[in-house]
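Data first, discussion second: the structure below is written as structure tokens.
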Amino acid sequence: MYHTIIVVGNVGKDPEMRYTPSGQAVTSFSVATNRQYTGNNGEQVKETIWFRISTWGKTAEVCNQYVKRGSKVLVEGRLTPDKTTGGPRIWTKQDGTAGASFEITATTVRFLSSRAESEGGPVAGGGGMEMAELPPEDDIPF
Numbered sequence: 778m779y780h781t782i783i784v785v786g787n788v789g790k791d792p793e794m795r796y797t798p799s800g801q802a803v804t805s806f807s808v809a810t811n812r813q814y815t816g817n818n819g820e821q822v823k824e825t826i827w828f829r830i831s832t833w834g835k836t837a838e839v840c841n842q843y844v845k846r847g848s849k850v851l852v853e854g855r856l857t858p859d860k861t862t863g864g865p866r867i868w869t870k871q872d873g874t875a876g877a878s879f880e881i882t883a884t885t886v887r888f889l890s891s892r893a894e895s896e897g898g899p900v901a902g903g904g905g906m907e908m909a910e911l912p913p914e915d916d917i918p919f
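In the working numbering, the protein residues as written are 778 to 919.
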């Protein structure tokens, strides 16, 4: 059996890299995706889903070097369920409401931001992709 997931979104905060006891690099970062739609009552609804991304080996080293908070990325990989719930990681937001995030072990990470965007420079074009709204770092679930 086989499954894969592809997520396109914005990095929530700068990646964190560490090494396993055997010396293999592991980099973790979060990605937010969003969509906006009109609900049954006619109001605009904004929905954000968080993904926790883990990369290994050379990909981990490259992600640690080039991925930054706010960068647009495409991540391809497999879902890894939470060991306690068998599904997404459940947490409580600062406002007391429930939140969930999903763990992805990435096989591919593609950088979609231009260098100017990554370095905080002016953005030309935009390519039709909307930026997920990133909360203050204190509100990111991990």
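The C-beta atom is built at its ideal place from N, Cα and C for all residues, glycine as well. Note that this is a predicted model, so its numbers are computed, not measured.
- Of all C-beta pairs linking the stretch 850-861 to the stretch 876-895, three or more are shorter than 8 Å, placing the two stretches in contact.
- Phe828 sits close to Ser878, with the two beta carbons spaced by under 8 Å.
- Where Asn787 is concerned, the enclosing beta strand (DSSP E) starts and stops at Ile782 to Val788.
- Rounded to the nearest angstrom, the gap between the Cα atoms of Thr810 and Val822 is 14 Å.
- When secondary structure is reduced to three states using DSSP, Gln813 falls in the strand class.
- Our two residues, Gly789 and Val844, have alpha carbons roughly 10 Å apart in a direct line.
- If you look at Lys835, you'll find it in the alpha helix (DSSP H) that goes Gly834 to Tyr843.
- Contact annotation: the stretch 857-866 does not touch the stretch 799-813, with fewer than three C-beta pairs closer than 8 Å.
- According to the DSSP assignment, Lys849 belongs to the beta strand (DSSP E) that extends over Lys849 to Thr857.
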